[in-house]
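As structure tokens, the structure follows; a few thoughts come after it.
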Amino acid sequence: MPRLFRILRALSARELSALEKYLRSPAVNSREDIPLLLKAYRKVPRGEAPQPEQFWDAVYPGEPFMLRDWRLLLSRTLKLVEGFLIFRQLEEEEAMQKLLLAKGYRRLQLTPFFERAISDGHTLLEKRGYFDSESLHLHYRFEDAYYDYVASHKRQEATNLQEASDRLSHYFIATKLKQACLAHSRNITNQERYRIGMLQAALEEIAAYPALLLVPAIAVYYSCYRAVVEGGEEADFQKLRLVMDQYHEGFPNSEMRDIYMLAINYCIRRANTGEEPFVPETLALYRQSLNRGYLLDDGVIPESTFSNIISLALRLKEYNWAEGFTEQYHARLPPVFRRPLYLFSIGKLCYAQQKPTAALRALAKVEAKAPFLYLGAKILQVKIFFEAGETDALESLLASLQAYLRRQKKLGYRQAHYQLFITFSRRLMQLAPYDEKGREVLLNDILAATGFQEKEWFLQQLR
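Per the working numbering, the very first residue in the sequence shown carries number 28; after that it's consecutive.
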């Protein structure tokens with residue numbers, strides 16, 4: 028399908044109507060065929076593949092189809108549609124409008140209007156109250172535009188070069204810290220490695236000038252870097268929580284979602300090493316980010332986030348809350364995960380409430396290709412079969428789990444966890460009832476397994 032039609036298909040009915048008005052404006056389009064093409068497109072039923080000849084007859088009735096002219100029409104229309112997308116985006120960027128307006132006044136040599144546009148731009152950014160790196164960058168661009176004007180037209184006057192330099196430093200340092208935090212997260216979850224250049228220079232600048240921490244974006248990302256990337260002490264994490272609460276309204280939801288997920292992943296890793304106070308802390312962060320609207324991305328909750336929240340709530344025995352969350356948010360999951368993850372969550376809840384039959388019923392209906400869902404469901408079945416003494420079913424299930432694990436190459440740090448579960452399950456199953464020495468060896472091995480998330484279940488079976 029041509030790129031033009033892929034873009035048009037992504038637009039809503041309201042956006043298509045706005046595009047029609049845009050294309051009929053003499054300021055942007057003087058051709059009659061382009062609006063006719065859009066009108067013909069809107070008559071095609073949604074989901075039906077557009078046919079060139081069908082559109083051609085609507086745009087150029089009675090004329091023979093010419094492939095070269097058809098491609099030219101698509102190219103011209105695409106250029107205007109992309110201009111419309113830029114126009115709509117710019118409508119939402121008031122500060123950027125002021126910057127472009129200032130440059131326009133500068134070109135026309137309308138000095139008072141130029142200075143007013145620069146001042147209005149700074150005021151607009153301050154009133155908006157955003158602390159994110161994009162806003163810092165815009166502040167710098169306003170200062171830079173003004174410096175360029177002063178240096179060219181008022182050479183004897185003092186300039187704003189210091190302000191421009193400071194704004195650029197704020198943007199640079201905050202962005203480098205942000206990138207370092209995101210790179211760390213990608214390395215943990217996807218084993219991706221990145222070199223964040225000039226990071227050390229940014230850290231040294233903060234050490235030399237601690238007043239930089241009064242800049243909210245630097246305060247947030249520096250605290251995040253200290254706690255999450257450097258794996259700092261609990262005091263570093265509490266500092267991060269403090270600045271998150273203090274400045275959360277000054278960041279876009281998408282950026283706060285990233286910050287919360289960095290803090291949450293830090294807590295998860297601490298909890299997985301046996302530091303129990305971080306378990307309720309993790310759930311508290313999830314709840315807070317849910318209440319503030321950060322976890323939903325265009326109305327969708329990521330499947331990994333949904334699953335983590337359920338696991339934490341069950342670990343803390345908050346069964347009623349877990350059930351309410353499952354019923355309220357499962358419809359917000361991506362379609363491919365909606366039913367299987369809902370059933371898996373119900374299975375986990377039933378198992379936690381000591382309803383093994385109901386749990387197995389739900390787990391038997393889980394059909395998923397995602398490793399975390401497949402392995403999660405099978406691990407829960409292993410527990411139920413062991414507790415019920417279903418030795419044959421258990422052995423078969425462990426064998427299929429081992430085969431599955433060999434085929435998976437992208438599980439990251441979770442690969443070791445799943446392998447430990449299989450190994451310990453087999454040793455537990457093969458343990459003779461009165462083999463106290465074997466029991467003690469297995470117990471010590473489980474206790475020594477750093478970061479093993481199923482430790483508590485195995486310890487219960489060995490008691």
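For glycine and all other residues, C-beta sits at the position ideal for the given N, C-alpha and C.
The DSSP-derived three-state label of V55 is coil.
For L447, the CB contacts under 7 Å within the same chain, skipping 5 residues up- and downstream, are A476 and F479 in chain order.
Scanning its chain for C-beta atoms nearer than 8 Å, with the 5 sequence neighbours on each side dropped, one finds around L343 the residues V306, P307 and L310, in chain order. CA-CA distance, K154 to V363, rounds to 42 Å.
Taking C-beta atoms as the reference points, I223 and I200 fail to come closer than 9 Å.
Taking all protein chains in view, the Cβ of A228 is surrounded by fewer than 16 other Cβ atoms within 10 Å, so the residue is classified as exposed. Taking all protein chains in view, the Cβ of G403 is crowded by 16 or more other Cβ atoms within 10 Å, so the residue is classified as buried. In the three-state reduction of the DSSP assignment, D175 falls in the helix class, which pools H, G and I. Looking at the DSSP output, V270 shares a beta bridge with no other residue.
Note that the region 60-70 touches the region 99-116; at least 3 beta-carbon pairs, one per stretch, sit closer than 8 Å. Of the candidates A397, S196 and E354, the residue whose Cα lies closest to the Cα of H164 is S196. Per DSSP, K344 lies in no alpha helix (DSSP H) and is assigned neither H nor E. Taking all protein chains shown into account, F114 has fewer than 16 neighbouring C-beta atoms within 10 Å of its C-beta and is therefore exposed.
The alpha helix (DSSP H) runs lying completely inside the region 124-191 and spanning 4 residues or more are 138-155 and 160-180, given in chain order. For the set L226, Q315, A76 and F158, the Cα lying nearest the Cα of R194 is the one of F158. With contacts defined as CB atoms closer than 9 Å, S212 and L117 fail to qualify as a contacting pair. Taken through DSSP and simplified to helix, strand or coil, D462 comes out as coil.
Contact annotation: T216 and N292 have beta-carbon atoms nearer than 9 Å. By the neighbour-count criterion, in which a residue is buried when 16 or more other Cβ atoms sit within 10 angstroms of its Cβ, S179 is exposed.
Every unbroken stretch of the alpha helix (DSSP H) spanning 4 or more residues and falling wholly within the region 46-110 is given here in chain order: 60-69 and 79-86.
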